[in-house]
Amino acid sequence: MTETKAVITLITGADKGIGFATAQALGKKGQQILVGARDQQRGEQAVARLKTAGVAATFIQLDVTDKAQIKAAVARIKVDYGYLSILINNAGIALGSHLPASQMSTDTMRQEFDVNFFGLVDVTQAMIPLLKAGQPAKIINVSSNMGSLGLASDPNSRFYKVSSLGYQATKASVDFATILLSKELVTEGITVNSVNPGWTATNFGGRPSDAPKPAGMQDVVTGAAQIVKMASLPLDDPQTGTFTENEGTLPW
Ligand SMILES: NC(=O)c1ccc[n+]([C@@H]2O[C@H](COP(=O)([O-])OP(=O)(O)OC[C@H]3O[C@@H](n4cnc5c(N)ncnc54)[C@H](OP(=O)(O)O)[C@@H]3O)[C@@H](O)[C@H]2O)c1
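To convert, note that position 157 of the sequence shown is 1158 in my numbering; the numbers rise steadily by one, no gaps.
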């Protein structure tokens, strides 16, 4: 008799928005979901909602900027499961509104980099031993079309006139992490890919939950769809070092 190993999936920032929708969809496909959240109450409420929907979910306290919490999360996953199959680096913030780059505060940019880039790298580096123990395994980095250098420099792209230096630079940096880690980890049975959710109706950037959805803004299930697709591929699927969205491949 062959035993099938459970797919253990950690999602950062999974208490709401795209992270929560991803948790719900992957949980319904049978993955064991570790709900990373910095706020205990919101995290536990998310777990309760997932359980009501029939998902096997567990709360893991994880502020991605808090190295002690990252260490504790690694220790807990090691004791409870011994490995990790999928890490979805979803937690993210956008603080700087759209301003000319010459006027963007570096203090604001530093806060964005702490969460979106350094937090992502710290969590990833800490989780790699658990992913190696679970290999074949996947890392999915939630990036953004706003971080695409190709789109930002293309006069025919709608992103040509977008200017949000901190957020855009954090996501371009996330993509650099994807490229370098994908090459480093390919021999370890771990794939690393970036995904753009697209413009999605969440609380992102301080958008209120009851705000009307402007034309072109997609619902959260559609926003999670490409992440869910990548995380649902067989764990030994060799695709690595890609940047995709629902519509296909994006330029870096
Ligand atoms: N919505 C869009 O249009 C869009 C487009 C492209 C890319 N994205 C990306 O999609 C990802 C998810 O965004 P979303 O739209 O779902 O936004 P959201 O509803 O604001 O959710 C963001 C999540 O990140 C968490 N988070 C923030 N700082 C954190 C920290 N220090 N440690 C751990 N978690 C933290 C939040 O936790 P709290 O509940 O505690 O705040 C929340 O769970 C982000 O990486 C974002 O850049 C979004």
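Where a beta carbon is used, it is the ideal one built from N, C-alpha and C, also for glycine. Because the structure is a prediction, the values reported are computed rather than measured.
Rounded C-alpha distance that separates residue i from residue j
| i | j | result |
| --- | --- | --- |
| A1216 | Q1041 | 34 Å |
| G1044 | A1038 | 5 Å |
| S1145 | D1155 | 16 Å |
| K1068 | I1078 | 15 Å |
| G1093 | K1029 | 24 Å |
| I1141 | A1047 | 21 Å |
Near ligand 1: residue i beta-carbon under 7 Å from a heavy atom
| i | result |
| --- | --- |
| G1167 | no |
| A1138 | no |
| F1119 | no |
| L1027 | no |
| D1108 | no |
| N1197 | yes |
| K1073 | Per the sequence shown, residue 1073 should be read as Ala rather than Lys. Flag unset: Cβ of A1073 not near ligand 1. |
| R952 | Look at the range of the chain in this structure, 1002 to 1253, and you will see that residue 952 is not part of it. |
| T1013 | yes |
| W1200 | yes |
| V1222 | no |
| R1039 | yes |
| F1205 | yes |
| G1242 | no |
Sequence-distant residues of its chain with Cβ nearer than 6 Å to residue i (five each side left out)
| i | result |
| --- | --- |
| A1022 | V1221, V1222 and A1225 |
| P1198 | I1019 and G1224 |
| G1120 | V1065 and T1066 |
| L1035 | L1011, T1059 and I1061 |
| K1139 | I1087 and T1192 |
Sequence-distant residues of the same chain with beta carbon closer than 7 Å to residue i, five excluded per side
| i | result |
| --- | --- |
| K1214 | A1202 |
| V1229 | T1023, A1026 and L1027 |
| L1186 | V1193 |
Exposure of residue i, with buried meaning 16 or more beta-carbon neighbours within 10 Å
| i | result |
| --- | --- |
| V1196 | buried |
| N1204 | exposed |
| G1148 | buried |
| Q1032 | buried |
| S1165 | buried |
| A1212 | exposed |
Minimum Cβ-Cβ distance from residue i to chain C less than 8 Å
| i | result |
| --- | --- |
| S1164 | In summary, chain C is missing from the structure at hand, where a single protein chain is found. |
Chain-order list of residues whose beta-carbon lies under 8 Å from that of residue i (same chain, five-residue window excluded)
| i | result |
| --- | --- |
| Q1219 | G1199, W1200, T1201 and A1202 |
| G1190 | K1133, Q1136, P1137, A1138 and D1237 |
Problem set entry | Minimum length 3: unbroken beta strand (DSSP E) runs contained in the stretch 1020–1098 | 1033–1038, 1058–1062 and 1087–1090
For this session: Let me know the alpha helix (DSSP H) ranges lying completely inside the stretch 1089–1170, each 4 residues or longer, listed in chain order.
Result: 1107–1114, 1121–1135 and 1150–1153
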